[in-house]
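Visitor: Mind having a look at this structure? Questions to follow.
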Amino acid sequence: MYAFTYERPTSLDDALKVLQSGGQALAGGQTMLAAMKQRLMQPEKLIDLASITDLRGIKKEGQHIVIGSMTSHQDVSFNKDVIQSIPSLAHLASGIGDRQVRARGTLGGSVANNDPAACYPSAVLALNATIQTNQRTIAADAFFKGMYATALNEGELITSIRFPIPKRAAYAKFRQPASRFALVGVFVADTGTGVRVAITGAGNGVFRHAGLEAALTKNFSPKATEGITISSADLNSDIHASAVYRAHLIQIQTQRAVTQALG
Ligand SMILES: Cc1cc2nc3c(=O)[nH]c(=O)nc-3n(C[C@H](O)[C@H](O)[C@H](O)COP(=O)(O)OP(=O)(O)OC[C@H]3O[C@@H](n4cnc5c(N)ncnc54)[C@H](O)[C@@H]3O)c2cc1C
Numbered sequence: 007m008y009a010f011t012y013e014r015p016t017s018l019d020d021a022l023k024v025l026q027s028g029g030q031a032l033a034g035g036q037t038m039l040a041a042m043k044q045r046l047m048q049p050e051k052l053i054d055l056a057s058i059t060d061l062r063g064i065k066k067e068g069q070h071i072v073i074g075s076m077t078s079h080q081d082v083s084f085n086k087d088v089i090q091s092i093p094s095l096a097h098l099a100s101g102i103g104d105r106q107v108r109a110r111g112t113l114g115g116s117v118a119n120n121d122p123a124a125c126y127p128s129a130v131l132a133l134n135a136t137i138q139t140n141q142r143t144i145a146a147d148a149f150f151k152g153m154y155a156t157a158l159n160e161g162e163l164i165t166s167i168r169f170p171i172p173k174r175a176a177y178a179k180f181r182q183p184a185s186r187f188a189l190v191g192v193f194v195a196d197t198g199t200g201v202r203v204a205i206t207g208a209g210n211g212v213f214r215h216a217g218l219e220a221a222l223t224k225n226f227s228p229k230a231t232e233g234i235t236i237s238s239a240d241l242n243s244d245i246h247a248s249a250v251y252r253a254h255l256i257q258i259q260t261q262r263a264v265t266q267a268l269g
């Protein structure tokens, strides 16, 4: 490690003031601390958001679930409103990493970080959620910009994420067994007006698949995906899986997600 200053404000206003003077937000540290140890990130000023209670918590507002950015994965997985209204989101949160990661890692940190194999970005995109920041509201379709890139400006903080309650939805993750991130994860959401399919782990960042969405909107069944070609052209190839294997997994995991969503 190297020298840096550490501040722990108790209000969003105070956090924003320090952020504007060149600080970097710290949520649960599950990505940041490892990145700092490896000197991939070298912030001079850390602003720990942990004491800002307004950023934590889960509310049901009409046909939406609103989750504060500092809410841990564990709290999402055990929350009764999430379990009742969007069980697929609780299921996704319960499958992230291990107990320590779920206890410390946060929704806002995961979505802001936009790891190309992270689980939450697929839920945010498939459920057509909106990201609330201290400056504006950003639609999921406009938020994710590829590997570790998002629409957030420098010094902009996610305060909460608003998830519309779908008719039915499910997340099927094929785990990379060492890291527990998604080798391929598929989130399928039947919104009531159409089906959205978001894929993580397979490419440069989370993405939707138009062919799968059209087929499932017409016929919400695992069989409907059989004739859909999944191109491997832009998919990742690494020591864990080839692009062709990942393309195959997209189809299989989509079928598994649809089967789960049908109950
Ligand atoms: C061993 C291990 C296994 C994991 N497995 C999985 C997995 O299976 N699936 C999965 O999805 N994830 C997984 N993760 C990631 C985990 O889910 C964390 O949520 C993720 O690492 C982000 O951590 P954090 O919330 O503590 O944010 P931090 O590490 O504190 O911050 C991450 C980044 O987000 C920024 N940031 C944080 N909060 C905000 C905010 N409110 N607004 C704007 N920017 C913000 C920070 O400045 C930083 O750049 C794993 C992590 C580990 C260490």
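Per this note's numbering: the sequence shown = residues 7 to 269. Where a beta carbon is used, it is the ideal one built from N, C-alpha and C, also for glycine.
#1: Excluding the 5 residues flanking VAL250 on each side, which residues of the same chain have their C-beta closer than 7 Å to its C-beta?
#2: DSSP on PRO228, reduced to helix/strand/coil?
#3: Which value, in whole angstroms, describes the spacing of the CA atoms of ARG61 and SER100?
#4: For the alpha helix (DSSP H) that PRO183 lies in, which residues bound it at each end?
#5: Could you give the distance in angstroms between the alpha-carbon of PHE270 and the alpha-carbon of SER227?
#6: For SER116, verify whether its CB is less than 8 Å away from any heavy atom of ligand 1.
#7: Does the beta-carbon of VAL201, which I'm using as the reference point, lie nearer than 8 Å to any heavy atom of ligand 1?
#8: Mark ARG108 as exposed unless 16 or more other C-beta atoms lie within 10 angstroms of its C-beta, in which case mark it buried.
#9: Determine the direct distance from the alpha carbon of ASN210 to that of SER91, and round the result to whole angstroms.
#10: Given the structure, does GLY200 come close to ligand 2, in the sense that its CB is under 8 Å from one of the ligand's heavy atoms?
#11: Can you give the Cα-Cα distance for ASN120 and PHE213, rounded to whole angstroms?
#12: Below 8 Å, how does it come out for the segment 77 to 92 and the segment 248 to 264: are there three or more Cβ pairs, yes or no?
#13: Which residues share a DSSP beta bridge with GLY74?
#14: On the premise that GLU13 lies in contact with LYS51, defined as a C-beta separation below 8 Å, what is that separation, rounded to the nearest angstrom?
#15: Name, in chain order, the residues that DSSP records as bridge partners for PHE213.
#16: Can the beta-carbon of ILE71 be found less than 9 Å from the beta-carbon of ARG168?
#17: Using the DSSP secondary-structure output, state which residues sit across from ILE53 in a beta bridge.
#18: Between ALA135, GLY35, ALA123, ALA175, which has its C-alpha nearest ILE73's C-alpha?
#19: Output needed for SER243: all residues of its chain with C-beta closer than 7 Å, excluding positions within five of it in sequence on either side, in chain order.
#20: Would you kindly work out how many angstroms separate the C-alpha atoms of SER128 and GLY191, rounded to a whole number?
#21: Could you work out which residue in VAL264, ASP19, ALA33, SER94 is closest to GLN141 when comparing CA atoms only?
#22: Ligand 1 and HIS79: does any heavy atom of the ligand fall closer than 8 Å to the residue's C-beta?
#23: Identify whether PHE187 lies in helix, strand or coil by the three-state DSSP scheme.
#24: Is ALA33 near ligand 1, going by C-beta to nearest heavy atom under 8 Å?
#25: Can we say the segment 180 to 189 touches the segment 151 to 159, given the rule of at least three CB pairs closer than 8 Å?
#26: Mind reading off the beta-carbon distance from GLN30 to ILE53? Whole number of angstroms is fine, and I expect it under 8 Å.
Guide: Well, looking at it:
#1: Position 244 of the sequence shown, counting from 1, holds the residue named residue 250. The residues are SER238.
#2: For this step, residue 228 is matched to residue 222 along the sequence shown. It is helical.
#3: In the sequence shown, residue 61 corresponds to position 55, counting from 1. In the sequence shown, residue 100 corresponds to position 94, counting from 1. Contrary to the premise, residue 61 reads as Leu rather than Arg in this sequence. Distance between the alpha carbons of LEU61 and SER100: 21 Å.
#4: Translated into positions along the sequence shown, residue 183 becomes position 177. Premise fails: PRO183 is in no alpha helix (DSSP H) and is neither H nor E.
#5: With the chain covering 7 to 269 only, the question about residue 270 has no answer from this structure.
#6: Mapped onto the sequence shown, residue 116 falls at position 110. Flag set: Cβ of SER116 near ligand 1.
#7: If you number the sequence shown from 1, residue 201 lands on position 195. For ligand 1, not one heavy atom lies less than 8 Å from the Cβ of VAL201.
#8: Against the sequence shown, residue 108 aligns to sequence position 102. ARG108 should be labelled buried.
#9: Here residue 91 corresponds to residue number 85 of the sequence shown, with the count starting at 1. Here residue 210 corresponds to residue number 204 of the sequence shown, with the count starting at 1. Rounded to whole angstroms, SER91 to ASN210 spans 31 Å at the Cα level.
#10: Among the ligands present in this structure, namely ligand 1, ligand 2 is not found.
#11: The count along the sequence shown starts at 1 and reaches residue 120 at position 114. The count along the sequence shown starts at 1 and reaches residue 213 at position 207. Spanning the two alpha carbons is a distance of roughly 12 Å.
#12: no
#13: Residue mapping note: residue 74 aligns to position 68 of the sequence shown, counting from 1. Note: GLY74 sits in a beta bridge opposite SER166.
#14: As a first step, residue 51 is located in the sequence shown; it is residue number 45 there, counting from the start. As a first step, residue 13 is located in the sequence shown; it is residue number 7 there, counting from the start. Rounded to whole angstroms, the Cβ separation of LYS51 and GLU13 is 7 Å, and the two are in contact under 8 Å.
#15: To locate residue 213, count along the sequence shown from 1; it is residue 207. Paired residue(s): ILE205.
#16: Translated into positions along the sequence shown, residue 71 becomes position 65. Translated into positions along the sequence shown, residue 168 becomes position 162. Going by C-beta atoms, ILE71 is nearer than 9 Å to ARG168.
#17: Translated into positions along the sequence shown, residue 53 becomes position 47. DSSP, once it has assigned bridges, lists GLU13, ALA31 as partnering ILE53.
#18: On the sequence shown, residue 73 is found 67 positions in, with the first residue counted as 1. Measuring from the Cα of ILE73, the nearest candidate turns out to be ALA135.
#19: As a working note, residue 243 is residue 237 in the sequence shown. These residues qualify, in order along the chain: ALA249.
#20: Within the sequence shown, residue 128 is the residue found at index 122, counting from 1. Within the sequence shown, residue 191 is the residue found at index 185, counting from 1. Whole-angstrom Cα-Cα distance: 8 Å.
#21: Residue mapping note: residue 141 aligns to position 135 of the sequence shown, counting from 1. For GLN141, the closest of VAL264, ASP19, ALA33, SER94 by C-alpha to C-alpha distance is ASP19.
#22: As a working note, residue 79 is residue 73 in the sequence shown. Yes, the Cβ of HIS79 comes within 8 Å of a heavy atom of ligand 1.
#23: As a position in the sequence shown, residue 187 is number 181, starting the count at 1. In the structure shown, PHE187 sits in coil (DSSP, three-state: anything other than H, G, I, E or B).
#24: Here residue 33 refers to the residue found at position 27 of the sequence shown. Indeed, a heavy atom of ligand 1 lies less than 8 Å from the Cβ.
#25: no
#26: Mapped onto the sequence shown, residue 30 falls at position 24. Mapped onto the sequence shown, residue 53 falls at position 47. With 8 Å as the limit, GLN30 and ILE53 qualify as a contact, their Cβ atoms being about 7 Å apart.
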